[in-house]
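>
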Amino acid sequence: MELVTPGIGLLFWMLLSFTVLLFLLKKFAWKPILKMLKDREESIEGALKSAEKAKEEMAKLQSDNEKIILEAKAERDRLMKEAREVKEQLISTAKKQANEEAEKIILSAREAISNEKDAAMNDIKNQVAIISIEIAEKILMKELSEPGKQKEYVDSLLKDINLN
Amino acid sequence: MHYRQNFIGIFFIITLMFFSLNAFSNEKNDKKGHGEENKFQPGSFILHHILDAHEWHIGKFGEQEVSIPLPVILFTEKNGLVFFMSNKFEGEGHGPKQYGDYLLEEGKIKAKDGSAVYDFSITKNVVALLFSFALILWVFISVARSYTRRQGKAPKGLQSLLEPLILFVRDDVAKASIGEKKYEKYMPYLLTIFFFIFINNLLGLIPIFPGGANLTGNIAVTMVLALFTFIITTFSGNKGYWKHIINAPGVPWWLKFPLPLMPIVEIIGVFTKPFVLMVRLFANITAGHIIALGFFSLIFIFGEMGAAGGFGISPLSVGFALFMSVLELLVAFIQAYVFTLLSALYFGMATEEHHSEAHAAHGKAH
């Protein structure tokens, strides 16, 4: 029976020391331990969350980068295309201009040639006339050196002139 | 013939082990009947080890009994507060001892003239209690300090040994039974009882000083623990809890009205819950000690029949006792866990939020 009869002394000491133990442990052990555990869990959770966020941001950044690269490529292609077009245009206009210029030059050259030709013809004509006159003069002088012939000639001239 | 005697002996031991409690209660008569001081008495041997004592018995070296005297503090009707050391008691063997006006009989102090004596002595269990008190304080305050010092770092040493247990109590006991919202208030108490019971169970398994006192197997200790659970449960009971006790919803009216059967059952339940906590811990730990000591008693019982018997049985006894001790390690943890879990469940029941619809269904489920 003694086994199941609580002794008053032990009851008293147990009540006293357990109350004190509970109080002391609560204040000096459980409070800091539980707080630290909670803090640590929160910090781990926070770290995990921020890592997840960083990962997401990285992915976003990577996709952004890809987008930028694609855009840059498209831009480059566009620019290349434009440049090619400009080049072709330039070449074609240059060709056209050159042709026009050449034609103009040819035209003016032709004109100049014909002018020169005309001038030369005139000159030749004049020369021919002068030479003819000189020849005629010389012939006349030789013809008219005899007095009979002079008279004959004057007569022919006079015959032409009608005194009307 | 010898073999037959042994057989009877074994039968006697097995019977004794199964009815060991009976053996203790009859022990007094046995002793008087036989009157043989030297004969080994397994009942008194075991009882001596599991009961409280006014001295700390270390052992018998040759003919010399070695024990540590402990202070006796008495509050008496006649002399008021009396204080002396327990080795002042004088007497022969296991019989009653005396000092001044007081008699020490069967571990109890009485006044010779029969006046009332209240024994507040620092007994073996009180010493063990104070030792575990100091040990627990030292362990957990140093762990708390290492938490503050190594803030935000991984646990180390003692801290990493105890952290899983602390987390176990918090996550699997308190959070699971009380709920996320309210568990924090009860954490200090739950952790304290868990580690108090667990550490004292383990200390009780150590056979040498300062372990070996059967503290958690003492009804006074478990009574105080259960009392704390009872007080906390009662004081944290909310409206729903009391309503459930006095006017349980979902129960037919004739169980409540002319004869308040259900309320009576519920009110008895309020007291049986902590009572069961008290008895469970006490009985489990005491039973474990009794069985382990019973196995050791075998050696001495057979030893009395002949030296060969004692030597022959000792490997078996040691083997069984070792098995029991290992089992007790498990029991030490399980009982601490069960006490804490049930306390947490009672707190959870006391603080549970009762919703009218959910409640009706809940009542029917019972």
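Residue numbers (my numbering), protein chains in the order written: chain A, 1 to 164; chain B, 1001 to 1366.
Cβ atoms here follow ideal geometry from the backbone N, Cα and C, with glycine treated the same way.
Please report how far the alpha carbon of Gly1363 (chain B) lies from the alpha carbon of Gly46 (chain A), in whole angstroms.
Annotation note: pLDDT 47 at Gly1363 (chain B) (below 50); position unreliable, no value reported.
> Whose C-alpha, out of B:Leu1227, B:Phe1347, B:His1049, is nearest the C-alpha of Glu1288 (chain B)?
A quick correction: the sequence has Gly, not Glu, at residue 1288 (chain B). When each option's Cα is compared against that of Gly1288 (chain B), the closest is B:His1049.
> Whose Cβ in chain A lies nearer than 8 Å to the Cβ of Met1187 (chain B)?
Within 8 Å Cβ-Cβ: Trp30, Leu34.
> Closest Cβ-Cβ distance between Arg78 (chain A) and chain B: below 8 Å?
Arg78 (chain A) does not count as touching chain B.
> Mind the definition here: the region 1040–1055 of chain B touches the region 1292–1311 of chain B only if three or more C-beta pairs lie below 8 Å; say whether that holds.
These segments touch.
> Would you mind stating whether Ile1313 (chain B) and Leu1329 (chain B) have Cβ atoms separated by less than 8 Å?
The answer is no: Cβ separation not under 8 Å.
> Within 10 angstroms of its Cβ, does Tyr153 (chain A) collect 16 or more other Cβ (buried), or is it exposed?
With fewer than 16 other Cβ atoms within 10 Å, it is exposed.
> Determine the burial state of Thr1123 (chain B): buried for a count of at least 16 other Cβ atoms within 10 Å of its Cβ, exposed for fewer.
Thr1123 (chain B) should be labelled buried.
> Could you say which of A:Arg84, A:Ala120, A:Pro6, A:Leu10 lies nearest to Val1127 (chain B) if we only look at CA atoms?
Among A:Arg84, A:Ala120, A:Pro6, A:Leu10, the Cα nearest to that of Val1127 (chain B) is on A:Leu10.
> Applying a beta-carbon distance threshold of less than 8 Å, which residues of chain A neighbour Ser1121 (chain B)?
The answer, in chain order, is Gly9.
> Quick check on DSSP: helix, strand or coil for Gly1035 (chain B)?
Unreliable positioning characterises Gly1035 (chain B) in this predicted model, as indicated by a pLDDT of 44, which lies under 50. The coordinate reading is nonetheless provided below. Reduced to three states, the DSSP call for Gly1035 (chain B) is coil.
> Between Arg144 (chain A) and Lys125 (chain A), what straight-line distance do the alpha-carbon atoms span, to the nearest angstrom?
Residue 144 (chain A) is actually Leu in this sequence, not Arg. Distance between the alpha carbons of Leu144 (chain A) and Lys125 (chain A) is about 27 Å.
> Distance cutoff 8 Å, beta carbons only. Does Lys26 (chain A) sit that close to anything in chain B?
For Lys26 (chain A), the answer is yes, since a Cβ of chain B falls inside 8 Å of its Cβ.
> Determine the DSSP secondary structure at Gly964 (chain B), reduced to helix, strand or coil.
The first residue shown for chain B is 1001 and the last is 1366, placing residue 964 (chain B) beyond what the model contains.
> Assign Ala1134 (chain B) to one of three DSSP states: helix, strand, or coil.
DSSP places Ala1134 (chain B) in helix when its eight states are reduced to three.
> Would you kindly report the start and end of the unbroken alpha helix (DSSP H) that includes Asp1119 (chain B)?
Segment 1117–1119 is the beta strand (DSSP E) holding Asp1119 (chain B); no alpha helix (DSSP H) there.
> Mark Phe1372 (chain B) as exposed unless 16 or more other C-beta atoms lie within 10 angstroms of its C-beta, in which case mark it buried.
No statement about residue 1372 (chain B) is possible, as the shown extent of chain B runs from 1001 to 1366 and does not include it.
> Of the choices B:Leu1167, B:Phe1198, B:Val1066, B:Thr1234, whose alpha-carbon is the least far from that of Lys38 (chain A)?
Of the candidates B:Leu1167, B:Phe1198, B:Val1066, B:Thr1234, the one whose C-alpha sits nearest the C-alpha of Lys38 (chain A) is B:Leu1167.
> So, with DSSP's three-state summary, where would you put Gly1059 (chain B)?
Strand.
> Identify every residue that forms a DSSP beta bridge with Phe1075 (chain B).
Paired residues: B:Leu1081, B:Tyr1118.
> Curious, which full-length alpha helix (DSSP H) runs of at least 4 residues does the region 1300–1351 of chain B contain?
Those alpha helix (DSSP H) runs which fall completely within the region 1300–1351 of chain B and span 4+ residues are 1307–1351.
> Taking Cβ positions, are Leu1281 (chain B) and Thr1222 (chain B) nearer each other than 8 Å?
Result yes, Cβ atoms of Leu1281 (chain B) and Thr1222 (chain B) sit closer than 8 Å.
> So is Leu1129 (chain B) in contact with chain A if we call contact Cβ pairs under 8 Å?
Yes, Leu1129 (chain B) counts as interfacial toward chain A.
> Pull up the distance between the alpha-carbon of Asn1284 (chain B) and that of Val1331 (chain B), whole angstroms please.
So the alpha carbons of these two residues sit roughly 8 Å apart.
> Identify the residues that DSSP records as bridge partners of Leu1104 (chain B): which are they?
Beta-bridge pairing links Leu1104 (chain B) to B:Lys1097, B:Ile1109.
> Which residue or residues does DSSP assign as beta-bridge partners of Ile1068 (chain B)?
Paired residues: B:Trp1056.
> Cβ closer than 7 Å: which chain A residues qualify as neighbours of Gln1151 (chain B)?
Ordered by position in chain A, the residues that pass the 7 Å Cβ test against Gln1151 (chain B) are Met36.
> Just the chain B side, please: which residues come within less than 9 Å of Ser63 (chain A) by C-beta, in chain order?
Correct list: empty, because the minimum Cβ distance to chain B is about 35 Å.
> Glu1266 (chain B) by DSSP, collapsed to three states: which one?
The answer is helix: DSSP assigns Glu1266 (chain B) an H, G or I state.
> Determine the DSSP secondary structure at Thr19 (chain A), reduced to helix, strand or coil.
The answer is helix: DSSP assigns Thr19 (chain A) an H, G or I state.
> Using beta carbons (cut-off 8 Å, strictly below), is Thr1192 (chain B) in contact with chain A?
Yes, Thr1192 (chain B) counts as interfacial toward chain A.
> With DSSP collapsed to three states, give me the class of Glu1090 (chain B).
In the structure shown, Glu1090 (chain B) sits in a strand (DSSP, three-state: E or B).
> Excluding five sequence neighbours on each side, which residues of the same chain lie with their C-beta closer than 7 Å to the C-beta of Lys1175 (chain B)?
The residues are Tyr1183.
> Closer than 8 Å, Cβ to Cβ, to anything on chain A: give me those residues from the region 1256–1275 of chain B, in chain order.
Cβ contacts with chain A: none found.
> Alpha helix (DSSP H) containing Phe1168 (chain B): first to last residue?
That residue, Phe1168 (chain B), is in no alpha helix (DSSP H); it is neither H nor E in DSSP.
> Residues of chain B with CB under 8 Å from Leu48 (chain A), in chain order?
Here the premise fails: no neighbours, minimum Cβ distance about 14 Å.
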